[in-house]
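K.L.:
What follows is a structure written as C-alpha cells; I'll ask about it next.
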Amino acid sequence: MAQVKSIYADVEKTMQAIPDSQKKSSKDIANFIKGKFSSEESQIKAAYYYVISTVSYDVNHEFTVNLVISDDEMVSKTIATKKGVCIHYAKFFKDIITQLGYNCQVISGYTKKDKVLADQSHAWNAIKLKDGNWYLFDPTWDSGFKQNGKFVRRLSSKYYKTKPIVMLQSHMPFDYMWQFLNYPISEQNFIDSNFQQDKNQKVFDYDETIKTFLTLSENEQLVGLKERMIQTGYKNKLAKERFEILKKQLEVYSLNANVRELNAITTSYNEGVKLLNDFIYYRNAQFRPLKEDKEILEMIQKPLDIFEECSDKVYKLGFVGQDNLYDLNKFKRGLIDIIEETKKHKTFVKDYLTKSTKERKKMFLVKK
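Mapping of the sequence shown onto full-length UniProt numbering: residues 1 to 368, in sequence order.
Pasting the structure below:
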C-alpha cells in the first residue's frame, strides 16, 4: 500500500469525502473534482482514483456485456450499481475525464500476461495531455483482480499514465492507430513479444489520423477500423471475433442508412403526389382560373421531376431489410405507374399549349 499512497495520497482523502449528492452522475463528480483540484495531474488522478476505488469488477457478468445500450445508460448503470467489467470502467472514466475538459478515448483490444493471451477482449483508456502526448490508463487492472471467482480490490498505479510503448507489452489495440507509434507492430509481433519497430516501413502519422478520426461519424470510424484491422492482421480468436462484430455493425449502419434514404424518398414521393393532384384538380377545372402557359407546364413538370428522381434513387438503394422488401417492390411498381400517368398529363399540356384559345376549349370536350 505504500506505493499506492505515494501515487494517490494527494487526492485519496478528498475523493473519499465526496458527498452523496455529488456521486449521482459523471458531471457531478467532475464538478466536485474541479472545485477541489486545479492542475491537470491532480484532476485526472482524482478521477482515476474515484473509478478504481468505487467500481467493483462484476465477475458474474463478465461474459454478458450489453453493447446495445448507449454510453450514457452504461455509465449511469455503473454509477448506480458500482459494478462493471472493463468496458464499464473505461467508459465511466472517460465520461468523467471528458466532463473535466480533456480528450479521453476508450480503446478496445486484447491483452496478455506472462506471454499468454487472454481469453476475452479488453478495454482501457487513452488521454492526450497538455504536453501533446498520449498516455494510457487501465482502471480495470488497477482496481484489483479476480481470485477464486471473486473480485479482490487491490489498488495499483501500474497502468496509470503509462507510455504507449510500455502499455504495448501487455495491451494490443484492435486498431493499430491506438498504438501511438509511427511504426506500428503487427498482431504476430505482439503475440511473439517482438516489440522492435520496423523503421523500414512507411511512417504512420497516428496523431493526424486520430485528429481526422475524431471528426468522423461512427460509421466512418468503423470503416477506418476495418481497413486498419485488415492491414494489421486479425488471426487470433479475439481479433477474429471483433472483426466479425465489426462487419455486422457496418451491415446494420448500412441497413439503417438505406431505410432512412427510403423514408426520405417516400416523403419526396408524397410531395410529388400532392402536386400531381393539384394539377389534376386544375385540369378538371379546365385550367381555370387562367394561368400563363409557363405556369401550367411547370405544374405538371414538377411532380414528374420528383417521381423520376425518386425512381432513380430507389433503384440505387441498397438492402433495406427482409421485412421491407414487399413494400419496396410495391413502391417501385407504383412509381412506374404514376410516372406513366404524369407523362400522359404532360403530353396533354404540351398539346394544349400549341393550340389557339378556341381549340384549347374544345380539348376539354373530348372524352379523356
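Just so it is clear, CB atoms sit at the ideal spot from N, CA and C, and this is done for glycine as well.
Determine the closest residue to T14 out of K45, A118, L155, T354, with distance taken between C-alpha atoms.
P.N.:
The residue given as residue 14 occupies position 14 in the sequence shown. Cα-wise, what sits closest to T14 is K45.
K.L.:
Relative to the C-alpha of V203, which candidate in L335, L222, I185 has its C-alpha closest?
P.N.:
Translated into positions along the sequence shown, residue 203 becomes position 203. Minimum Cα distance to V203 is reached at I185.
K.L.:
With DSSP collapsed to three states, give me the class of V59.
P.N.:
Translated into the one-based positions of the sequence shown, residue 59 becomes position 59. In the structure shown, V59 sits in a helix (DSSP, three-state: H, G or I).
K.L.:
Near L168, what residues of its chain come up, given a Cβ to Cβ distance below 8 Å and the 5 sequence neighbours on each side ignored?
P.N.:
Taking the first residue of the sequence shown as 1, we reach residue 168 at position 168. Closer than 8 Å at Cβ, skipping near neighbours: Q179, L181, I185, F190, F195.
K.L.:
Let me confirm a value: A90 is counted as buried when at least 16 other C-beta atoms fall within 10 Å, else exposed. Which label applies?
P.N.:
Against the sequence shown, residue 90 aligns to sequence position 90. Classification for A90: buried.
K.L.:
Where do the ends of the beta strand (DSSP E) carrying F137 lie?
P.N.:
Taking the sequence shown and counting its residues from 1, one reaches residue 137 at position 137. Its beta strand (DSSP E) spans residues 134–137.
K.L.:
Three Cβ pairs or more, each shorter than 8 Å: is that satisfied between the stretch 246–263 and the stretch 132–142?
P.N.:
Short answer: they don't touch.
K.L.:
Taking three-plus beta-carbon pairs below 8 Å as touching, is the stretch 119–127 in contact with the stretch 90–99?
P.N.:
Yes, since at least three Cβ pairs between the stretch 119–127 and the stretch 90–99 fall closer than 8 Å, the two stretches touch.
K.L.:
On a CA-only basis, which of I300, M177, Y183, V152 is nearest T342? Give me that one, please.
P.N.:
Indexing the sequence shown from 1 puts residue 342 at position 342. Of I300, M177, Y183, V152, the residue nearest in Cα terms is I300.
K.L.:
Could you check which residue in V59, N103, S38 has the C-alpha nearest to that of K83?
P.N.:
Residue 83 sits at position 83 when you count from the first residue of the sequence shown. Ranking V59, N103, S38 by Cα distance to K83 puts V59 first.
K.L.:
Any heavy atom of the ligand SAH closer than 6 Å to the CB of E341?
P.N.:
This structure does not include the ligand SAH; it has no bound ligands of any sort.
K.L.:
Can you tell me where the alpha helix (DSSP H) holding N263 begins and where it ends?
P.N.:
By one-based count along the sequence shown, residue 263 stands at place 263. From DSSP, the alpha helix (DSSP H) with N263 extends over 237–284.
K.L.:
At the level of alpha carbons, what is the spacing between K302 and E251?
P.N.:
Position 302 of the sequence shown, counted from the first residue, corresponds to residue 302. Position 251 of the sequence shown, counted from the first residue, corresponds to residue 251. Those two C-alpha atoms are separated by around 35 Å.
K.L.:
Please classify R333: does DSSP put it in a helix, a strand, or coil?
P.N.:
On the sequence shown, residue 333 is found 333 positions in, with the first residue counted as 1. Three-state DSSP puts R333 in a helix.
K.L.:
Compare the beta carbon distance of E244 and K130 with 7 Å and say whether it is the shorter of the two.
P.N.:
The residue you call residue 244 lines up with position 244 of the sequence shown. The residue you call residue 130 lines up with position 130 of the sequence shown. Result no, Cβ atoms of E244 and K130 do not sit closer than 7 Å.
K.L.:
Using the rule of at least 16 other Cβ atoms within 10 Å of the residue's Cβ for burial, across every protein chain shown, is Y326 buried or exposed?
P.N.:
As a position in the sequence shown, residue 326 is number 326, starting the count at 1. Y326 should be labelled exposed.
K.L.:
Hey, how far is the Cα of V106 from the Cα of E12?
P.N.:
For the purposes of this step, residue 106 is taken as residue 106 along the sequence shown, with counting starting at 1. For the purposes of this step, residue 12 is taken as residue 12 along the sequence shown, with counting starting at 1. Roughly 24 Å between the two C-alpha positions.
K.L.:
Can you list, in chain order, the stretches of the beta strand (DSSP E) that have 3 or more residues and sit fully within the stretch 91–153?
P.N.:
As far as the stretch 91–153 is concerned, its whole beta strand (DSSP E) runs of at least 3 residues are 103–113, 122–128, 134–137, 144–147, 150–153.
K.L.:
State the beta-bridge partners of M172 as determined by DSSP.
P.N.:
Residue mapping note: residue 172 aligns to position 172 of the sequence shown, counting from 1. Paired residue(s): Y110.
K.L.:
Can you tell me which of T162, Y50, K294 puts its alpha carbon nearest to the alpha carbon of L353?
P.N.:
Counting from 1 along the sequence shown, the entry for residue 353 is found at position 353. Here the closest residue by C-alpha is K294.
K.L.:
Could you tell me the alpha carbon to alpha carbon distance between I33 and K23, rounded to whole angstroms?
P.N.:
Translated into positions along the sequence shown, residue 33 becomes position 33. Translated into positions along the sequence shown, residue 23 becomes position 23. Cα-Cα distance, rounded: 11 Å.
K.L.:
Can you check which of these residues, Y8, A9, S42, V51, is closest to F26 by C-alpha distance?
P.N.:
For the purposes of this step, residue 26 is identified with residue 26 of the sequence shown, where counting begins at 1. Rather than Phe, the amino acid found at residue 26 in this sequence is Ser. Minimum Cα distance to S26 is reached at V51.
K.L.:
DSSP three-state call for T354: helix, strand or coil?
P.N.:
Working through the sequence shown from its first residue, we reach residue 354 at position 354. DSSP places T354 in coil when its eight states are reduced to three.
K.L.:
Using a Cβ-Cβ cut-off of 6 Å (strictly less than) and excluding sequence neighbours within five positions of N103, which residues of its own chain qualify?
P.N.:
By one-based count along the sequence shown, residue 103 stands at place 103. Contacts found: K128.
K.L.:
How is K202 classed by DSSP in three states: helix, strand or coil?
P.N.:
Here residue 202 is taken as the residue at index 202 of the sequence shown, counted from 1. It is coil, neither helix nor strand.
K.L.:
Count the other C-beta atoms from every protein chain shown that fall within 10 angstroms of the C-beta of R154, then say buried if there are 16 or more, exposed otherwise.
P.N.:
As a first step, residue 154 is located in the sequence shown; it is residue number 154 there, counting from the start. Its Cβ having fewer than 16 others within 10 Å, R154 is exposed.
K.L.:
Apply the 10 Å Cβ neighbour rule to residue 383 and answer buried if 16 or more other Cβ atoms are within range, or exposed otherwise.
P.N.:
Nothing about residue 383 can be read from this structure; the chain reaches only from 1 to 368.
K.L.:
Please list, in chain order, all residues of the same chain as G233 whose beta carbon is under 8 Å from its beta carbon, the five residues on each side excluded.
P.N.:
For the purposes of this step, residue 233 is identified with residue 233 of the sequence shown, where counting begins at 1. These residues qualify, in order along the chain: S186, E187, Q188, A239.
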